[in-house]
Structure formats: structure tokens, C-alpha cells
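Dropping the structure here:
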């Protein structure tokens with residue numbers, strides 16, 4: 055809901071400039087001697103200096119007037135004085151060149167031109183009070199107008215917040231005030247709003263995001279307000295409050311240029327929009343927690359079907375239709391520091407927030423789980439596209455992040471979701487150890503190994519892995535070697551030393567040495583058909599038992615792959 059207000063006219067601008075000051079009747083006959091490009095400087099006050107050291111009591115936005123008596127004694131120090139005044143934000147200098155000085159030295163005028171510092175020849179016949187009073191009256195009047203306008207703007211945004219307006223309403227309110235389209239964007243939270251979707255909001259949003267990381271022309275450094283020249287036009291952009299985390303509000307100069315009177319509108323909108331975005335972010339956090347708990351309940355086996363039906367009903371009431379068929383996907387998030395995991399969780403939800411056919415949650419730390427509904431027409435290619443797109447989004451947030459994913463069979467109804475979760479986890483574990491940034495494995499790949507995953511034979515399966523691999527796992531633990539990872543890469547490349555070396559990012563002679571060590575420890579030629587079958591099966595079961603094969607400690611990819619010149623035992 056928008057509260058329509060009548061805002062005081064700001065056509066004259068919020069403050070008096072030197073140019074406008076010179077248009078006052080009291081300034082009739084005044085001439086600009088130098089610094090014309092600085093006539094837009096703001097004037098809030100005026101004063102007379104009558105002593106050489108009088109400038110030390112002046113303040114920013116003050117226009118100084120003098121009979122030149124204090125300047126005549128400065129000599130060569132007059133030019134540095136002009137530089138100092140310009141740097142301190144003094145509005146300009148008015149001089150009467152009739153008594154003490156008839157003209158100003160050319161270097162002083164050149165410095166004023168260079169700095170855009172106005173120097174004005176004042177009408178000699180006008181008393182100081184008759185010059186100063188009109189300036190003060192006009193400046194104070196404008197400041198009063200600015201305060202009234204600021205109060206009206208503040209009231210408009212405050213009323214909108216109190217009435218629980220949406221973020222789109224705040225964007226429209228600001229657009230009404232400044233006469234231009236507005237976009238509010240907090241990409242990290244997945245929160246976006248615009249004043250008018252009919253104006254091609256998607257294009258405006260793209261133009262705003264193009265400016266990220268680009269330096270613009272600063273309009274207000276304290277509040278980080280900048281103008282950017284983006285594709286198809288310029289825009290004025292301000293950062294939302296620091297607590298929001300990277301959000302921006304932008305005014306597109308489509309109908310008219312942004313002016314000083316718009317700054318108050320933008321700054322008040324910035325505060326109101328920051329509050330609204332923080333409120334929406336808190337609501338999103340509650341929603342993420344609720345959906346994760348809901349997903350955990352859906353994939354947890356129940357003692358009876360009635361309990362599971364209650365959970366399904368709760369999901370449907372929350373807006374998740376759970377219309378079949380379904381697939382369950384589990385994604386182990388790897389190579390992410392623990393303190394950045396929250397970023398990944400939030401980015402996952404933000405990326406999929408508009409997909410009402412997907413419920414995402416984190417039933418275990420570091421394990422994202424997706425329930426995809428209404429997937430009767432979904433192909434393997436669609437699943438690959440979904441997961442690679444998700445990985446790209448997360449890796450953009452946390453560079454180096456990897457996903458190892460498992461995909462279940464297609465499931466007819468929600469009652470099969472717990473079994474689908476088990477399938478997805480079996481497929482994921484079967485594929486663990488792959489070094490792809492986004493490794494995707496299907497339950498179909500598990501094949502006959504499913505027969506060995508029955509709880510009744512897990513003890514025997516564990517013993518089988520120990521019989522065939524324990525001598526290598528023990529060696530790896532004692533010597534910090536990588537024999538198990540080397541064996542897996544060697545078998546997966548059909549005994550090709552060079553391809554196995556590329557997979558582990560080490561020199562091929564290191565593979566040869568490690569395979570000699572494996573042959574010596576086990577007494578087996580692992581490529582003998584019957585023996586290879588045993589090791590393939592043991593390595594697969596090792597993954598399926600959630601005992602991940604550690605990645606090899608390869609060399610730096612940027613380093614050349616040359617073997618050490620040290621004795622052979624240095625190849626682990």
C-alpha cells in the first residue's frame with residue numbers, strides 16, 4: 055500500500071549556489087573574475103574578513119567578502135591562500151577592487167580557474183550588510199524548505215513501513231518522488247523489487263548488476279551514492295545498510311537527470327528499504343529452517359504410513375504440492391570451510407526459491423538434499439543441467455566448492471521418499487572420490503552392488519574390504535601416503551600410468567613407484583582379471599560404506615609435473 059503525499063516543491067534545489075547568489079538584486083553589477091566552473095558551489099552563509107588571519111575562523115559553504123585590505127599584505131602568499139580556501143570547501147571569494155587593490159595577480163586568478171573556486175568583483179557602492187542579508191535570508195529559506203521536504207519524505211516512507219507495505223511499494227514511492235524508474239536489488243538474499251514492471255524491469259536489473267565492482271562518479275561519499283554510465287543510459291546507485299549485505303537501490307535517469315533535491319529522497323528510501331530487506335531476510339531464514347525440517351521428516355522412515363501422511367499433508371499446506379512422480383537428489387558439499395557453510399546453504403535456497411517443484415533442505419551437515427516433484431518429463435540431461443547450474447551459482451559464491459551428487463530412481467508417491475533418499479545416498483557414495491567439480495552419479499550405476507548393501511551382510515562386506523585393502527589403508531595412515539587413491543585411479547584408467555597420473559595431478563613415474571609398492575605390500579598383480587575384480591569390488595564397497603577414498607596430494611597444477619631427483623622412496 056502506498057500513502058500518497060504532497061511533497062514541497064524542490065524545483066529551486068535544496069540549497070543556494072554561487073550562480074543563484076549572483077542573480078540576487080543586491081549583486082547587480084557583480085562580475086566573475088575567475089573560477090567560473092565552480093559557480094555550482096553551495097552557499098549556506100556569508101561573512102566579511104577584515105584581517106589577514108580572518109580566514110581561520112571561516113567554515114565550509116561560506117562565501118567570503120573582503121575590501122582586499124587583508125589580502126594586500128599577503129603578497130606571494132595570496133595564491134596559497136586561494137588553494138587553501140578551495141580545499142576547505144569555502145563557497146567563493148568576493149572582493150571590492152577600488153581602494154587597497156585595483157586588481158588581483160594573474161597567478162591567483164589562474165589558480166582559481168584551475169580549482170573551480172569563484173572569485174567575484176562585488177559592487178563597490180553596496181554596504182556589507184546589504185550584500186550579506188539577502189544571501190543569508192535566501193539560504194535560510196531554502197534550508198527551511200529542505201527540512202519541510204525532508205520531513206514529508208521521511209513521513210511517506212515511515213507510513214509505508216508501518217502499514218506493512220511491500221518492497222515494490224517502497225520502490226514505487228521513491229519513483230513517484232524522483233520521476234524516474236527505481237530498482238532495489240539484494241542478490242545475495244534473492245530479494246528484488248522495481249517500481250514498474252512494464253518498464254522492462256529485467257533489463258533495468260541487468261543494467262544495475264553490470265555496475266557491480268565498477269567505480270562510478272561519487273555524488274555523496276558518506277552514503278556511497280554514485281552515478282554509473284551503464285548500457286542504454288546512466289543510473290544513480292546507493293548501497294543499502296551494511297547489515298543487509300551487498301544490496302543496492304538504483305534510480306535510472308530515464309525521464310530527467312538526478313539532481314540535489316533527489317538526494318534526500320534516495321537517502322530516506324535507503325533507510326526504509328534496508329529495514330524492509332532485513333525483515334524479509336529474517337522471514338526467509340525462518341522459511342529455510344522450516345523447509346529443511348520438513349524435508350528431513352519426509353525422507354526419514356516412519357513406523358507407520360499414517361505418520362508419514364501427516365508430514366506430507368503439512369508439506370502440502372505449506373505450499374509444496376508433492377505431486378508425483380519424484381526424484382531425490384543428495385549433494386555432498388566439499389572443499390568449503392565450515393564458517394562459510396551458512397553462505398552456501400543460503401545461496402542454495404536463494405537459487406531455487408522460485409522453483410515450487412523443488413524442496414531443498416540440509417538433513418545432515420554439508421549434505422544438501424533436493425526433492426524434485428512433478429518430474430515425469432524430466433530427463434537425465436535436465437537433472438545434469440539443474441545440478442551444474444546449482445554448482446555454478448554456489449561456486450561463484452565460494453570459489454573452489456565441489457559437489458558430489460547422487461540421484462535416486464523415479465518415485466511414484468511421497469511414501470517412497472525415504473527409500474529414494476537411501477538410493478540417492480548409495481549412488482553418491484558409490485561415486486565418491488571423483489575429482490570433478492560437480493560429479494553426478496545415478497542409482498542405476500550401483501547395479502549388483504545393491505545386493506551387498508543389505509543390512510544383514512554389512513559385517514561380512516566390511517570384512518571383505520578389510521581383507522583386501524587394510525594393508526594399504528594402514529600404510530596410508532602410518533606414512534601419509536596415497537596408495538588407496540593411486541590404486542583406484544590406476545584401475546579406473548585400465549592400468550594406464552599416464553592417465554592415472556593426470557587424474558591425480560602427479561608425475562607418471564610416481565604412479566609407477568606407487569604401483570610397485572602396492573604389488574610389494576599385497577603380493578598381487580592387480581591387473582590379473584580375477585584379482586582386479588576383487589579390488590574393484592573392495593574399492594566400490596569402501597565408498598558405499600561411506601569410507602571415502604582420500605584424494606591424492608598432487609602437485610600444484612601450475613607447477614611442472616617432473617619427478618623428484620631424490621631416491622625413489624620419496625614417491626608415496
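In this note's numbering, the protein residues as written are 55 to 626.
Cβ coordinates follow ideal geometry from the N, Cα and C atoms, glycine included.
A quick note: this is a predicted structure, and the numbers were derived from the prediction, not measured.
Of 248, 138, 135 and 193, the smallest CA-CA separation from residue 234 is found for 248. A distance below 8 Å separates the beta carbons of residue 100 and residue 116. 8 Å or more divides the Cβ of residue 356 from the Cβ of residue 423.
Beta-bridge analysis with DSSP links residue 281 to 271 and 290. Counting along the chain, the unbroken alpha helix (DSSP H) around residue 519 starts and ends at 512-533.
Taking 8 Å as the cut-off, the Cβ atoms of residue 482 and residue 388 do not count as close. Restricting attention to 395, 411 and 79, the CA atom closest to the CA of residue 369 is found in 411. For residue 131, there is no enclosing beta strand (DSSP E), since its DSSP letter is neither H nor E.
The segment 72-85 and the segment 169-180 touch, with three or more beta-carbon pairs separated by less than 8 Å. Non-local beta-carbon contacts of residue 91 in its own chain, meaning distances under 8 Å to residues more than five positions away in sequence, involve 167 and 170 in chain order.
If you draw a straight line from the Cα of residue 416 to the Cα of residue 465, it is about 20 Å long. Residue 468 sits close to residue 352, with the two beta carbons spaced by under 8 Å. Here residue 382 is not near residue 390, since their CB atoms are 8 Å or more apart. Ranking 196, 280, 274 and 547 by CA distance to the CA of residue 266 puts 280 first. Under DSSP, residue 119 shares a beta bridge with 102 and 148. Annotated three-state conformation of residue 480 is helix, per DSSP.
Per the coordinates, the alpha-carbon of residue 418 lies some 37 Å from the alpha-carbon of residue 262.
Listed in chain order, the beta strand (DSSP E) elements of length 3 or more contained wholly in the segment 562-588 amount to none. The distance from the Cβ of residue 303 to that of residue 289 is about 10 Å, inconsistent with a contact at the 8 Å cut-off. Note on the segment 403-453: whole beta strand (DSSP E) runs with a minimum of 3 residues are 412-418 and 421-426, in chain order.
Contact annotation, residue 441 with residue 494: C-beta distance approximately 6 Å; criterion of less than 8 Å satisfied. Straight-line measurement puts the Cα of residue 147 at about 17 Å from the Cα of residue 129. Each residue's CA atom was taken as its position, placing residue 372 and residue 434 some 29 Å apart. The three-state reading of DSSP puts residue 500 in helix, counting H, G and I together. Just measuring C-alpha positions, the residue of 150, 348 and 384 sitting nearest residue 376 is 348. Rounded to whole angstroms, the Cβ separation of residue 462 and residue 477 is 4 Å, and the two are in contact under 8 Å. DSSP places residue 382 in the strand class (E or B) of the three-state scheme. Residue 322 has its alpha-carbon roughly 33 Å from the corresponding atom of residue 186. Remark: C-beta atoms of residue 544 and residue 569 approach each other more closely than 8 Å.
Contact check for residue 277 and residue 295: beta-carbon distance about 10 Å, past the 8 Å limit, so the pair fails to qualify.
Under the 10 Å beta carbon count, residue 581 is surrounded by fewer than 16 other beta carbons and is classified as exposed.
The DSSP-derived three-state label of residue 495 is strand. Residue 136 counts as buried, since at least 16 other C-beta atoms from the protein chains shown sit within 10 angstroms of its C-beta. In the three-state reduction of the DSSP assignment, residue 96 falls in the strand class. Taking the Cβ atoms as the reference, residue 566 lies roughly 6 Å from residue 551, within the contact range of under 8 Å.
In the three-state reduction of the DSSP assignment, residue 87 falls in the strand class.
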